[in-house]
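Heads up: the sequence shown begins at 739 in the working numbering, then just goes up one per residue. Note that the Cβ used here is the ideal one computed from N, Cα and C, for glycine as well. Just so you know, these numbers come straight off a predicted model, no measurement behind them. Worksheet: the structure to be examined is printed underneath.
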Amino acid sequence: MTVTVIWLIAFAVILFLCLNRWEASVSGALDALLPAVLRSEDDRWVWCPAIAVLVATAIVQPVDLLLTLILIGLIAFIGGKLVCWALRKAH
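Below is the structure:
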């Protein structure tokens, strides 16, 4: 129960800060990182909760988040290599 309360408090604080600082810092940083396909008119209501969830989870369970990111990276890397191999064999 304590972990859930800590996560909720961290989520609320980070969401509040992210929404308040959207124009000053968050929007500019995301514009530099994201390709044009992932941008829209009102990114604030999509990216702020996503950032808040990731940071709150990183605060409460950093090892679990790190292992999940490593696993996703490995799956993407292996999947990309398999797709390239299959495309080479198809031609």
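query: Considering only residues of the region 763–809, which uninterrupted alpha helix (DSSP H) runs meet the minimum length of 4 residues and lie entirely inside it, listed in chain order?
result: With a minimum length of 4 residues, the continuous alpha helix (DSSP H) runs that stay inside the region 763–809 are 765–771, 782–798.
field: 8 Å contact criterion, which V798 and W745 should meet: CB distance rounded
entry: Mapped onto the sequence shown, residue 798 falls at position 60. Mapped onto the sequence shown, residue 745 falls at position 7. 5 Å between Cβ atoms; contact.
query: Just checking, does the region 777–791 make contact with the region 756–765 on the three C-beta pairs under 8 Å criterion?
result: Between the region 777–791 and the region 756–765, the count of Cβ pairs shorter than 8 Å is three or higher; the stretches touch.
message: What residue range does the alpha helix (DSSP H) around L745 cover?
response: Here the question's residue 745 lines up with position 7 in the sequence shown. It should be noted that the sequence gives Trp, not Leu, for residue 745. Start and end: 740–758.
message: Within a Cβ cutoff of 8 Å, which residues of the same chain sit near L757, ignoring the five residues on either side of it in sequence?
response: Position 19 of the sequence shown, counting from 1, holds the residue named residue 757. If we look at L757 and ignore the five residues flanking it on each side, its Cβ neighbours are R782, C786.
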